[in-house]
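In terms of UniProt numbering, the sequence shown opens at residue 1 and continues consecutively. Even glycine gets a Cβ: it sits at the ideal position worked out from N, Cα and C. What follows is a set of notes on a single structure, which appears directly below.
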Amino acid sequence: MGACISARRAPVNRRLDPRARGRSDSRNVLNFLEGHLPLVAGAILTVLLLGIHGTTRDPDLRDDLKRAVRMLVAFLALRLIARFLPEASTPEGLRKALGVGWMLTFAYGVIRAAVAFALKLVRMRSPVTTPKILRDVIDFTLYALATVPILQSQLNLDLAGLVATSAVLTVVIGLALQETLGNLFAGLSLQLDRPFEVGDFIRIGEHTGRVVHIGWRSIRVANFRRELITLPNSMVAKEHVKNFTQHREPVGIEVQVGVSLDAPPNQVKQALLDVAREIPQILVQPPPLARTVSFGESNVQYMVRVFLNDFALSDSVREELHTRLWYRLRREGLELPHAQRTVHLRREGGAKRRELADNTVRDLLRQVDLFAPLGPEELERLHREVVVRRFGQGERIIQEGDEGGTFYVVAAGEVSVRAGTIQAEITRLGPGHYIGEMSLLTGERRAATVVALQDAVLLELDRPTFARLFSDYPGLARQLSALLAQRRTQLRAVAQASGGGPDHTPEAGRILGRLRQLFGLTHE
């Protein structure tokens, strides 16, 4: 009978207990939230990160958010797979692996996004870029802190106890990672000190080049031969580091040259400075600096220090300095010392002219219309007074605005005549043409700049030579004045693109007057 009563009460209780029905509904809602809340949160977070990624202009934030979105997308995929797998037919190991996978990817994605926004706030307060190695260490630490509890809760692993009780494993790992950990901490130290950044030109030991990568284990440097050199951080931390481009300030380079003991030091230093000022890559400010360094057994050592905006130009500038110095010192008769002793037997005054054959010099002088009135004997005398000058490619032979007391005939090579503030090219001259006559004969300043387009050989005559010619040939001054006036008018016509033919007489008279005044001529 008791059994019957119990049987009758059971259905009555099920019908009349609303509290039990409410508790059941709450459990269903909780189960729903536990199953779908991470999925919904991950989807919302992914959409938000994608929106911020598309609008921000910060490249570092974009890169971090891209990686965070990848993690969250992987989480959504694993979570959906785990949600819809049939429980009855799915192995327990696979379900646990999927659970660990979506938990880790969700945690990693959230951590990556949080670190990205934290570093963005740091960059807004400070213009200094956050080192990549520091960001990697922060990520790795937070990943480890998130991984340990997930593995412990889902796989029932006691990771802390396992590591603490395994002394052999600890020793093995410590020895295996000794060099790696050394590079890691050295890299952290370098990033805290910030002796260089990506893009800087540095010298570490015997290696010089541009930093192209800074990592947690090593840095990579690209040298001038385009070789990529990988240097461990532990080695870099022990070496002296020279940074040539920090804060993008001008960097100085030095070139030393030995010159004969007989050369006057002030003359050599002036030549060094003149050559340095001619090279366009060398800065005007700070100005070049020339110094006498030391006296040797066979030479005097001089140093010239110049400044550049880009250290990558240092090799080419050094090469240009050495090349132009050879031509400049040779023209001024300043000898560079040789390792061996050489005895030269030569006629006094004829060394420079011997760089060209005598017949070549005579033929060139005959081609110059200024010397057309001269007879054979006077041309021969003029030939003996000629000095041969060599100019290297890119050297300035004549500078616009300078005073000029020399006249040149192009013997070999090609020169460019330029004028104006932008140094526009007026014409190019080859063998047989002459330059510098107007300034030499009238005392006017140089009207144009002349630059050697290639290695050029020129014949040089000075003002005393023309003074002697005017003294020996009384009518030569008037003839040269007419030739100079005609030449100037032609050059003006070319420069102004004008086809007219102005009267030469007033110009010739003005030139003749200047010529007489300069050379002290009183006869017609």
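Tell me residue i's beta-bridge partners as DSSP assigns them.
| i | result |
| --- | --- |
| S294 | Q301 |
| Y408 | I435 and E460 |
| Q256 | M303 |
| S218 | P232 |
| I398 | V450 |
| G209 | I202 |
| L308 | V251 |
| N243 | I202 |
| L289 | R305 |
| F224 | In the DSSP output, where bridge partners are listed per residue, F224 has none listed. |
| R390 | V457 |
Could you tell me which of the options sits nearest to residue i, measuring between CA atoms?
| i | options | result |
| --- | --- | --- |
| Y108 | V100, R135 and A68 | A68 |
| R390 | L329, G443, H240 and S189 | L329 |
| M235 | I204, V257 and N243 | I204 |
| A271 | S298, R226, W326 and K238 | W326 |
| L441 | L453, Y408, G420 and Q423 | Y408 |
| L484 | S439, P232 and I52 | S439 |
| V410 | P376, V450 and D136 | V450 |
| E377 | V73, D60 and Y473 | Y473 |
| L374 | F117, G475, T323 and R225 | G475 |
| V257 | H322, E332, L98 and A447 | H322 |
| A186 | R277, S153 and A237 | A237 |
| S314 | V100, R331 and A276 | A276 |
| D193 | F224, I229, V241 and V211 | V241 |
| D455 | D402, T465, H213 and R324 | R324 |
| P195 | P232, W216, T105 and T245 | T245 |
| F106 | L61, I279 and P38 | P38 |
| D64 | F75, A88 and A118 | A118 |
| V255 | P59, R210, Q152 and S316 | S316 |
| T208 | T230, L273, R217 and W216 | T230 |
| A424 | P232, A448, L94 and R318 | A448 |
| R225 | D139, A312 and K66 | A312 |
| L78 | G99, P86 and E335 | G99 |
| R135 | R112, T46 and N156 | R112 |
Tell me the residue span of the beta strand (DSSP E) that contains residue i.
| i | result |
| --- | --- |
| F201 | F201 to I204 |
| F117 | Not the beta strand (DSSP E): F117 falls in the alpha helix (DSSP H), residues E92 to R125. |
| N233 | Taken as a continuous stretch (DSSP letters only), N233 belongs to no beta strand (DSSP E), being part of the alpha helix (DSSP H) at N233 to K238. |
| E425 | A424 to L429 |
| V417 | V415 to A419 |
Which residues mark the beginning and the end of the alpha helix (DSSP H) in which residue i is found?
| i | result |
| --- | --- |
| D462 | D462 -> not in any alpha helix (DSSP H); beta strand (DSSP E) instead, spanning A456 to D462. |
| Q367 | D358 to Q367 |
| A77 | P59 to F84 |
| L271 | Per the sequence presented here, residue 271 reads as Ala, with Leu not at that position. Per DSSP, A271 belongs to the alpha helix (DSSP H) from P265 to E278. |
| L316 | Correcting the residue type first, residue 316 is Ser in the shown sequence and not Leu. Unbroken alpha helix (DSSP H) run through S316: S314 to R331. |
| E378 | P376 to E385 |
Would you decide whether residue i is buried or exposed? Buried here means 16 or more other CB atoms lie within 10 Å of its CB.
| i | result |
| --- | --- |
| E348 | With a pLDDT of only 46 at E348, under the threshold of 50, the placement of this residue in the model should not be trusted; the figure read from the coordinates follows. It is exposed - the Cβ of E348 has fewer than 16 other Cβ atoms within 10 Å. |
| G22 | Its pLDDT being 48, under 50, G22 is placed unreliably in this model, and the value from its coordinates should be taken loosely. With fewer than 16 Cβ atoms within 10 Å of its Cβ, G22 is classed as exposed. |
| G42 | buried |
| T55 | exposed |
| G404 | buried |
| N359 | exposed |
| L370 | buried |
| R248 | exposed |
| M103 | buried |
| F201 | buried |
| E395 | buried |
| L382 | buried |
| T90 | exposed |
| E239 | exposed |
| R125 | exposed |
| V110 | buried |
| A263 | buried |
| F295 | exposed |
| R83 | exposed |
| E437 | buried |
| residue 525 | Here the chain covers residues 1 to 524 and nothing more, so residue 525 does not appear. |
| I435 | buried |
| S218 | buried |
| A114 | exposed |
Quick one: is the Cβ of residue i within less than 7 Å of any heavy atom of the ligand ADP?
| i | result |
| --- | --- |
| A118 | Of ligands this structure carries none, so the ligand ADP is not represented either. |
(Q) Below 8 Å, how does it come out for the stretch 299 to 318 and the stretch 269 to 289: are there three or more Cβ pairs, yes or no? (A) yes
Q) With a cut-off of 8 Å, do at least 3 Cβ pairs link the stretch 387 to 403 to the stretch 458 to 465? A) yes
Q.
For the structure I just gave you, are there three or more beta carbon pairs, one from the stretch 468 to 483 and one from the stretch 428 to 436, closer than 8 Å?
A. no
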